[in-house]
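Protein chains in written order, with my numbering: chain A, 1204 to 1444; chain B, 1204 to 1444.
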């Protein structure tokens, strides 16, 4: 832990969600496997999940560069899904089944430590999401997974996607706090670096399985972050919650 | 209850907060009485509370008519407070005491039925605030009073004050719902009438003591609202939650 950090000055924690709080990959593989069994569709669902997720950053970047007008994540997920249904030769889904498939992202399951860690942290801090997911997605996910947020905040509120600085600034403003009173919690260094530029404190939580057993996420030490935690329980302990 | 209402089509409830969920008057009188005792200030605190609340609508209307640029409720409350400190000849408060006094609005206490009713309603519906209070105020209030919201929504997100239609439209959009899937819950008819114009369903909850024992709020029957409830327990029952 960064020795210069004054824990008492931190009032709120802002959480990245996909990959940091919830395990998108396992949830998608599981739900799609069930759908495949029910509909007789034979696909490598791990590959499908990875392709769905991989399409997300480029689409957001197009919005960030104004090549696409503002679209929320539900729409981005659906746009990618339509392409993948062709690429993976998935046929015979009704519109209602496609709609439901796209809503998997509203039903992502938390990592095993997430709810317990958040419950501890919530006793001391204001807990907010700060995700590129849209508000409705985050609300439904929280209700479905029992995530105890004090406040749902989303990129949607500033019509910018992380890592655009507007997202972090808007969040601090809406929480009525200075940026130095907010700590960004994420498993992704680009998110933390952008938050740091705006003046947020930063906590890097490693999620070695985000991209599956064969995935190689960047887990390397980075002393520029205030805290490094191995999960939300460890984070709660380090933040004295 | 309006016989035409289809409860199964309602997905989210949007709550007015000041007066509907929390009892601003009793909380302000109580906290100010304690402050007065501690500081030797002798004031009719009921009159003070009523004057503070009375200043709120005209100030918001100035924002709504663009005579004042956007100010959040914390700033509006502070602006009114400065005037009242002079009018009521309240002297000797430090800046920190004035700041804390203004934050009473973050610590308002719920009506006795609020938390229990919300807990029941939350099992069936998405529960959101839809208040002119700013996000930080609503987040702090929820944490302090144990209000189990799924989502904090505020006029602040559209930079319009209720009853401007933008507030209701923005809320439905952020919840990913059509207006007819959202029910506005309020103790104030102007709020419900505006919500109805946008297509929301409406629930009128009577709060006969909002303005104190001598207050005369409009509690008259209005068949144009879908539901009339005597408190949140009654609302939960009528909404089959």
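Ideal Cβ placement from N, Cα and C applies to all residues, glycine included.
Answer with buried or exposed for residue i, where buried requires no fewer than 16 other C-beta atoms within 10 angstroms of its C-beta.
i: residue 1328 (chain B); result: buried
i: residue 1343 (chain B); result: buried
i: residue 1417 (chain A); result: exposed
i: residue 1241 (chain B); result: exposed
i: residue 1359 (chain A); result: buried
i: residue 1269 (chain A); result: exposed
i: residue 1275 (chain B); result: buried
i: residue 1314 (chain A); result: buried
i: residue 1283 (chain B); result: buried
i: residue 1411 (chain A); result: exposed
i: residue 1378 (chain A); result: buried
i: residue 1317 (chain B); result: buried
i: residue 1264 (chain B); result: exposed
i: residue 1285 (chain A); result: exposed
i: residue 1497 (chain B); result: Since the first residue shown for chain B is 1204 and the last is 1444, residue 1497 (chain B) is missing from the structure and cannot be characterised.
i: residue 1302 (chain B); result: exposed
i: residue 1330 (chain B); result: buried
i: residue 1341 (chain B); result: buried
i: residue 1438 (chain B); result: buried
Using DSSP bridges, identify the partner residues of residue i.
i: residue 1217 (chain B); result: B:1331, B:1387
i: residue 1430 (chain B); result: B:1406
i: residue 1401 (chain A); result: Answer is none; residue 1401 (chain A) lacks a bridge partner.
i: residue 1416 (chain A); result: For residue 1416 (chain A), which the question treats as bridged, DSSP gives no partner whatsoever.
i: residue 1354 (chain B); result: B:1331
i: residue 1370 (chain A); result: According to DSSP, residue 1370 (chain A) bridges with nothing at all.
i: residue 1225 (chain A); result: A:1221, A:1313
Below 8 Å between beta carbons: does that hold for residue i and residue j?
i: residue 1221 (chain A); j: residue 1357 (chain A); result: no
i: residue 1355 (chain B); j: residue 1332 (chain B); result: yes
i: residue 1422 (chain B); j: residue 1409 (chain B); result: yes
i: residue 1251 (chain B); j: residue 1287 (chain B); result: yes
i: residue 1260 (chain A); j: residue 1415 (chain A); result: no
i: residue 1435 (chain B); j: residue 1349 (chain B); result: no
i: residue 1366 (chain A); j: residue 1397 (chain A); result: yes
i: residue 1444 (chain A); j: residue 1323 (chain A); result: yes
i: residue 1345 (chain B); j: residue 1353 (chain A); result: yes
i: residue 1312 (chain B); j: residue 1229 (chain B); result: yes
i: residue 1227 (chain B); j: residue 1256 (chain B); result: yes
i: residue 1277 (chain B); j: residue 1347 (chain B); result: no
i: residue 1382 (chain A); j: residue 1370 (chain A); result: no
i: residue 1293 (chain B); j: residue 1244 (chain B); result: yes
i: residue 1262 (chain A); j: residue 1279 (chain A); result: yes
i: residue 1387 (chain B); j: residue 1217 (chain B); result: yes
i: residue 1368 (chain B); j: residue 1273 (chain B); result: no
For the candidate residues the options, whose alpha-carbon lies nearest to that of residue i?
i: residue 1424 (chain A); options: A:1406, A:1435, A:1323; result: A:1406
i: residue 1442 (chain A); options: A:1367, A:1353, A:1325, A:1253; result: A:1325
i: residue 1310 (chain B); options: B:1393, B:1322, B:1420, B:1339; result: B:1339
i: residue 1404 (chain B); options: B:1384, B:1228, B:1419, B:1391; result: B:1384
i: residue 1392 (chain B); options: B:1428, B:1316, B:1235; result: B:1428
i: residue 1300 (chain A); options: A:1234, A:1353, A:1266, A:1247; result: A:1234
i: residue 1290 (chain A); options: A:1273, A:1247, A:1317; result: A:1247
i: residue 1281 (chain B); options: B:1293, B:1304, B:1294; result: B:1304
i: residue 1212 (chain A); options: A:1236, A:1277, A:1380, A:1293; result: A:1380
i: residue 1208 (chain B); options: B:1430, B:1216, B:1264; result: B:1430
i: residue 1364 (chain A); options: A:1271, A:1237, A:1238, A:1236; result: A:1271
i: residue 1426 (chain A); options: A:1372, A:1399, A:1351; result: A:1399
Any heavy atom of the ligand FAD closer than 7 Å to the CB of residue i?
i: residue 1215 (chain B); result: This structure lacks the ligand FAD, and indeed carries no ligand of any kind.
Check your understanding: Which residue spans inside the segment 1253-1309 of chain A form an unbroken alpha helix (DSSP H) run of at least 4?
Key -> Annotation: the segment 1253-1309 of chain A contains the following complete segments of the alpha helix (DSSP H) (minimum length 4 residues), in chain order: 1259-1267, 1276-1290, 1298-1305.
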